[in-house]
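S.K.:
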Amino acid sequence: MSAFTAITAANGDASPRVVDVMHRGIVSCTRDASLKSVAELMAERRVHCVIVTDDPAAATALWGIVSDLDLVAAASVRGLEEQSAGVSATTPAISIEPQESLQRAGYLMIRHWVSHLVVVEPSTRLPIGVISTLDLATILAGA
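Under our numbering, the letters of the sequence shown match residues 338 to 480, in that order.
(1) What separation, rounded to the nearest whole angstrom, lies between the Cα atoms of PRO353 and GLY479?
(2) Would you be able to state if there are at least three C-beta pairs under 8 Å between the segment 365-380 and the segment 428-445?
(3) Evaluate HIS449 with the Cβ neighbour count: other Cβ atoms within 10 Å of its Cβ, from every protein chain shown; 16 or more gives buried, anything less gives exposed.
(4) Roughly how many whole angstroms lie between the Cα atoms of ARG415 and LEU477?
(5) Can you grab the Cα-Cα spacing for the pair TRP400 / LEU473, in whole Å?
(6) Compute the Euclidean distance between the alpha carbons of CYS366 and THR475, then round it to the nearest angstrom.
(7) Rounded to the nearest angstrom, how far is the Cβ of VAL409 from that of VAL384, given a contact under 8 Å?
(8) DSSP state of LEU390, grouped into three classes?
(9) Short of 7 Å in beta carbon distance, which residues of its chain neighbour SER469, apart from the five on each side in sequence? Order them along the chain.
(10) So, helix, strand or coil for ARG441, using DSSP?
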């Protein structure tokens, strides 16, 4: 039995969903944003990833994610002012809907080797939040 299955059993089949643990809202930048500005956004907003999009109001513009680890890796190569979000982003951004199970979120993270998923509104496909491996670890700690 997986830990996610155990959580569901302990809660009487009311398993927590992505919507229960996700962080609402996104911090975004365009593909041409410098990684220096991405680092500043992360520090200012105290987030571990920035969504790379050509237009936050257009579902088709969702493009990628720059995580804090991506930023550190890029900084080890050359100056952050010389690099853009579009070059360093993990693409494509992997998305999930809010009513999906946490087990599904974990599966997507493992399958795509990412630590963040963009949570999208089902009808519009617009980004509404982010779920991370830390969010899943927090739930599993209580299992």
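Glycine residues also receive a C-beta, built at the ideal position from the N, C-alpha and C atoms.
M.R.: Taking the structure as given:
(1) 12 Å
(2) no
(3) exposed
(4) 37 Å
(5) 23 Å
(6) 27 Å
(7) Incorrect: roughly 15 Å between the Cβ atoms, too far for contact.
(8) The sequence shown places Thr at residue 390, rather than the Leu named in the question. It is a strand residue.
(9) HIS385, SER452, HIS453
(10) helix
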